[in-house]
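Protein chains in written order, with numbering that gives the first Met the number 0: chain A, 0 to 426; chain B, 0 to 474. Before any comments, here is the structure.
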Amino acid sequence: MRALRNAAALLVALASPSLLEAQTIAITGGKIYPVSSAPIENGTVLIRDGKIVSVGANVTIPADAQRVDATGKWVTPGLINAATTLGLVEVSQENQTRDASANAGQDHVAAAFTVWEGLNTTSVMIAPAREDGVTSVVVMPSGGLISGQAAFLDLVDGTVTDMVVRAPIGMVGEIGNKASAGVGARGELLVRLREVFEDTKSYAKRKADFERAQTRDYSASRLDLESLIPVVEGLMPLLLRVDKASDIDAALKIASEYDLKIMIVGGAEAWMMADRLAAAKVPVLTGAMNNIPGSFSTLGSRQENAGLLRKAGVTVVLIGNGPGDPDTFGVRNIRQEAGNAVAYGMTWDDALRAVTLTPAELFGVSDRVGTLQAGRAANVVIWGGDPFELRTLPERVFLRGKAVERTSRQEALGRRYKTLPPSYRTP
Amino acid sequence: MRYFVFALMAAAACTPPATTQAPAPANASTDSKDSKNRAGAYSTPNDNPFPSSYKPFASRTTVIRNVNLLTAAGPMVRGGAILLRDGKIAAVGATVDAPADAVVIDGAGQYVTPGLIDTHSHLGVYAAPGGRGLDDGNEATNPVTAHVWAEHSVWPQDPQFPRNLAGGITTLQVLPGSANLIGGRSAVLKVVPSRTVQGMKFPGAKYGLKMACGENPKRVYASRGPATRMGNVAGYRAAWIGAQAYRQRWDKWNNNKSGDPPSRELGNETLAEVLRGNIYIHNHCYRADEMAQMIDIANEFGYKIRSFHHGVEAYKVADLLAKEGISASIWADWGGFKLEAMDGIRSNLALVHAAGARSIVHSDDPSGSQRLNQEAAKGMAAGAALGITVSEDEAIKWITLNPAWSLGLDDKIGTLEAGKNADVVLWSGNPFSVYSKPEKVWIDGAMLFDRSDAKEAWRTDFELGFVPDVRGGSR
């Protein structure tokens, strides 16, 4: 109910901003990491009506501003976890709460699948991430050869429309996963991909013929082909889940053949292809908490992956690859990934960028989120210290200028059972 | 040093209830000889048919000085030193006498802890790179498979072993999976290179028995039963009723030796040993209400539960765990993947600790086990957020002393105290920092991992040729 009420309130607010009393907040005294520029000691972040209006050491604070003292604290943009199924998968063993994978049918192509439209905005997995300083996520579909489209969301209470920062931000596909693509061999998977791209190009040119049934049969449905047009035109990124170095090679080859704008997701062995990826300007979304040769596609897994890629000049976004369901329950652990990336060779500044500005830039939303700059949404976290240190607590989280309350189930359970036996009264 | 052999002869000869094992002095090498060929004597005619052949690796007398020692046995010793000699910790303190022949390592203000211990591992039984060929963790052919032993699935060439060593893990308990109500015996292993599993077995360690509550067994056996939680409980009780009868038959025969001995049943041999107190129960159980039921079942049949594993709701019955003396092997930060795991919270470790029960950070994951220290840090932070202060001196026990206790090895490992095995980790910084890594790891005084000497790092047979050689990196 609370979420519905908030959603309603937000809609009213959006519809008639003049009715909303100007909410001005000044976060003062902290060490500010704008990410877009050098850190500012003893700085101020001024927020008005959900947006950052100024950041600096000499910000004039309006008299009506609510002051938040951040002396001795670290202030960063809200963190971004760029590979999640938040709101798509709640209890993974319960099929009724699993909405990340389309039934793509015989062709294993679900390009038209707009995964965020079925997102559960009241999933109990959302609040813990938000309370721990993750203010934005990318939600991605999975499965098939082409899984569907991804979206960039702010973790606000409300409807999906309220949450969406940008959608779609890319098409998701898989290379190297034979079972998922419904093929018998890796090479066959590439043939299928080419067939789908050829069909898309043909369909794009001959839509009228298609409607009159005057084309050959295509290997994917009309809606899927329609959705793939921006991909083959190089306008929409194709996010390819791929781990093995030879599969990354194949991905680069296909991208070059069709002039696709690709990104690598997972990329366990990407470090072995670092120079090629840098030369092709292909970004990699990967984690820093897995060194297990857990399959024949990930024999080269190592925790230095992200750091080595950065050193080679590859654009790197840090995502979860540690234990604990990093795309649902463990979305908040993106800062642990960043800390481990630093422990294994990434610079601290690069790691912070890789969970804030870099994903915002890659997905075309850096004018909205990812930095502490005037004009950006006021997604701001005040940390007790270094945000990557696990003993550091996020002390205040602001999402579009609104203070995040610690209302998650997990919080409520902890409070309820702090004293045994529990009273069962409002914790 | 005494090792407790799994000798049951004296116990079985006593008048019932014969619940305690007779500690027999023996060392690691006689461990194997003493326990052979007791055919026909008791319900476990040979209680140790796969004896440990572990021998400590070559070691040198070593002093690590100028370090902060988180001993798990008292307050941190700042700027202190530790002496490792003949495989044991010989001294810990502000200063130690360094023998002339000792290797002296200046820790430069870094940290030293006991070797870390993971009570819930599937290394070797779910070996990397996985797939059908290495899927050896669940004998999911019957809901009660007390007759299987995890060690018979352990592949010593699992490349996850050296990675765990590099994460500071020196001892781990490998468990069968959780498909079954009673899944089989665990194996307590040292994380050392070996051609055989026997060469990894912790000499004198008791076996554990894996039991599992809740969703997994009822899901796996839905079509043949148990298909419900009440079916699960009926299944445990039926197994223990059978085991009680089996034990009585053998105890009776052992007393009068008249006639032919009863026939042997592998599964009941293990269960009878649990009833005699010689094998520990490690019980996969998520929900508080089910833990309470498992405790009642244990009381009904007269055995003790040593540790509840996963226990995402342990905090709801932390007082009960404290009263019953049951440890909680739990995650700092995992849950939600099934309904019985929905109530996992980060403050679980701190809440259980505050109630006076033993909190243990376990992994159930080959990657997570490499960062038990980081998980403990999360548990401390979550406690702090809830107003529960857990000091570093206490939190270090979550990954050292408390797991040692749950394996019955707290007299040998788990603290930095004179006389304990020299299982020691030198960290690059405070172990509760995300940036700290184990620099050097010793097991029984032998340095088996040294991040600064990458060329010598342990690579399993599997890794040769299959896995890129990146030694010098993370492992």
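All C-beta atoms in this analysis are idealised placements derived from N, C-alpha and C, irrespective of residue type, glycine included.
Neighbouring residues, chain E, relative to residue i (Cβ below 7 angstroms)
{"i": "A:Y416", "result": "In the structure shown, chain E cannot be found, because the protein chains are A and B."}
Neighbouring residues, chain B, relative to residue i (Cβ below 8 angstroms)
{"i": "A:G233", "result": "Those within 8 angstroms of A:G233 in chain B number zero; the least Cβ separation is about 33 angstroms."}
{"i": "A:E93", "result": "K337 and L338"}
Proximity to residue i [Cα-Cα], best of the options
{"i": "B:V147", "options": "B:L180, B:T170, B:P158 and B:P128", "result": "B:L180"}
{"i": "B:I63", "options": "B:A456, B:G444 and B:V466", "result": "B:G444"}
{"i": "B:R228", "options": "B:V273, B:H283, B:V187 and B:E289", "result": "B:E289"}
{"i": "B:R450", "options": "B:G355, B:P437 and B:L270", "result": "B:P437"}
{"i": "B:L319", "options": "B:A291, B:A403, B:R370 and B:A221", "result": "B:A291"}
{"i": "B:A233", "options": "B:M293, B:R345 and B:N347", "result": "B:M293"}
{"i": "A:L78", "options": "A:R97, A:E256 and A:V379", "result": "A:V379"}
{"i": "A:A109", "options": "A:L259, A:S218, A:R331 and A:A25", "result": "A:S218"}
{"i": "B:N313", "options": "B:G301, B:A327 and B:G367", "result": "One point to set straight first is that residue 313 of chain B is Ala, not Asn, in the sequence displayed. That would be B:A327, whose Cα lies nearest to the Cα of B:A313."}
{"i": "B:W330", "options": "A:P282, A:P322 and A:T158", "result": "A:P322"}
{"i": "A:V34", "options": "A:L351, A:A128, A:A244 and A:I24", "result": "A:L351"}
{"i": "A:A203", "options": "A:T27, A:I60 and A:E225", "result": "A:E225"}
{"i": "A:I333", "options": "A:D131, A:A62 and A:I26", "result": "A:D131"}
{"i": "A:L238", "options": "A:S220, A:R221, A:A244 and A:L259", "result": "A:L259"}
{"i": "A:S91", "options": "B:D363, B:A356, B:A376 and B:E339", "result": "B:E339"}
{"i": "A:P136", "options": "A:W382, A:P420, A:G319 and A:Q372", "result": "This sequence places Val at residue 136 of chain A; Pro is not what is there. Measuring from the Cα of A:V136, the nearest candidate turns out to be A:G319."}
{"i": "B:V424", "options": "B:A99, B:A238, B:L447 and B:G418", "result": "B:L447"}
{"i": "A:L188", "options": "A:T199, A:D198, A:K200 and A:E173", "result": "A:E173"}
{"i": "A:A244", "options": "A:M288, A:R215 and A:R301", "result": "A:R301"}
Per-residue contacts from residue i into chain B (C-beta, under 9 angstroms)
{"i": "A:F387", "result": "V433 and Y434"}
{"i": "A:N80", "result": "None at all; the shortest Cβ gap to chain B is about 15 angstroms."}
{"i": "A:M124", "result": "G335"}
Listed by chain order, chain A residues near residue i by CB distance under 8 angstroms
{"i": "B:S366", "result": "M288, N289, N290, I291, G321 and P322"}
{"i": "B:A496", "result": "Nothing in the structure corresponds to residue 496 of chain B, since chain B is present only between 0 and 474."}
{"i": "B:L385", "result": "G413, R414 and K417"}
{"i": "B:A354", "result": "L419"}
{"i": "B:D117", "result": "Chain A residues near B:D117: none, gap ~12 angstroms exceeds 8 angstroms."}
{"i": "B:D96", "result": "Within chain A, no residue comes near B:D96; the closest Cβ sits about 35 angstroms away, beyond 8 angstroms."}
Partners in chain B for residue i, counting only beta-carbon separations shorter than 7 angstroms
{"i": "A:S294", "result": "P128 and G129"}
{"i": "A:Q335", "result": "Q373 and V433"}
{"i": "A:G266", "result": "Those within 7 angstroms of A:G266 in chain B number zero; the least Cβ separation is about 15 angstroms."}
Amino acids of chain A, ordered along the chain, whose beta-carbon sits closer than 7 angstroms to that of residue i
{"i": "B:F465", "result": "L298"}
{"i": "B:P158", "result": "P292"}
{"i": "B:S346", "result": "G413"}
{"i": "B:M341", "result": "V90"}
Contact belief for residue i with residue j at Cβ below 8 angstroms, rounded distance in angstroms
{"i": "A:E166", "j": "A:W115", "result": "What sits at residue 166 of chain A in the sequence shown is Ala, not Glu. Right, their Cβ atoms sit about 6 angstroms apart."}
{"i": "A:M262", "j": "A:L284", "result": "6 angstroms"}
{"i": "B:L350", "j": "B:I387", "result": "7 angstroms"}
{"i": "B:E392", "j": "B:L69", "result": "Checking the displayed sequence, the identity of residue 392 of chain B turns out to be Asp instead of Glu. Sure, about 7 angstroms apart at Cβ, within 8 angstroms."}
{"i": "B:W404", "j": "B:G413", "result": "7 angstroms"}
{"i": "A:P76", "j": "A:T346", "result": "A:P76 to A:T346, Cβ: 18 angstroms. No contact."}
{"i": "A:N339", "j": "B:V273", "result": "No, A:N339 and B:V273 are not in contact; Cβ-Cβ is about 40 angstroms, not under 8 angstroms."}
{"i": "A:A337", "j": "A:L308", "result": "About 14 angstroms; that fails the 8 angstroms criterion."}
{"i": "A:G175", "j": "A:D274", "result": "Not a contact, Cβ separation roughly 20 angstroms."}
{"i": "A:G183", "j": "A:K177", "result": "7 angstroms"}
Amino acids of chain A, ordered along the chain, whose beta-carbon sits closer than 9 angstroms to that of residue i
{"i": "B:K377", "result": "N332, Q335, L389 and R390"}
Contained alpha helix (DSSP H) runs [length at least 4] in the stretch 324 to 350 of chain A, N- to C-terminal order: 333 to 342
Can you give, in chain order, each stretch of the alpha helix (DSSP H) that sits fully within the stretch 119 to 163 of chain A and has at least 4 residues? 125 to 130 and 159 to 162
So, does the stretch 165 to 175 of chain B touch the stretch 212 to 227 of chain B, judging by three or more C-beta pairs under 8 angstroms? no
If we count Cβ pairs, one from each stretch, closer than 8 angstroms, do we get three or more for the stretch 46 to 54 of chain A versus the stretch 102 to 115 of chain A? no
Identify every run of the beta strand (DSSP E) within the stretch 433 to 466 of chain B, keeping only runs that are complete inside it and at least 3 residues long; order them along the chain. 437 to 442 and 445 to 449
I want to know whether the stretch 262 to 278 of chain A touches the stretch 198 to 209 of chain A - three or more CB-CB distances under 8 angstroms. no
Threshold first: 3 residues or longer. Then list the beta strand (DSSP E) segments lying entirely within the stretch 148 to 194 of chain B, N to C. 168 to 173, 181 to 184 and 186 to 189
Can you confirm whether the stretch 189 to 204 of chain A touches the stretch 155 to 170 of chain A when touching is taken to mean that 3 or more C-beta pairs between the two stretches lie within less than 8 angstroms? no
Touching by the beta-carbon criterion (3+ pairs, under 8 angstroms), the stretch 340 to 356 of chain B and the stretch 377 to 384 of chain B: yes
For the stretch 69 to 84 of chain A against the stretch 313 to 329 of chain A, are there 3 or more C-beta pairs whose distance is under 8 angstroms? yes
Looking at C-beta atoms only, is the number of pairs between the stretch 86 to 98 of chain B and the stretch 252 to 259 of chain A that lie closer than 8 angstroms three or more? no
Under 8 angstroms, with one C-beta from each stretch per pair, do the stretch 156 to 164 of chain B and the stretch 354 to 370 of chain B reach the 3-pair mark? yes
Contiguous beta strand (DSSP E) assignments of at least 3 residues, all confined to the stretch 349 to 387 of chain A: 379 to 382
contact_flag[the stretch 185 to 201 of chain B, the stretch 93 to 107 of chain B] where n(CB pairs < 8 angstroms) is 3 or more: no
Mind pulling the beta strand (DSSP E) runs of 3 or more residues that sit fully within the stretch 355 to 427 of chain B? 358 to 360 and 423 to 426
Per the contact definition of three or more C-beta pairs closer than 8 angstroms, is the stretch 61 to 68 of chain A in contact with the stretch 349 to 369 of chain A? no
With a threshold of 8 angstroms, are at least 3 pairs of Cβ atoms found where one atom belongs to the stretch 115 to 128 of chain A and the other to the stretch 405 to 424 of chain A? yes
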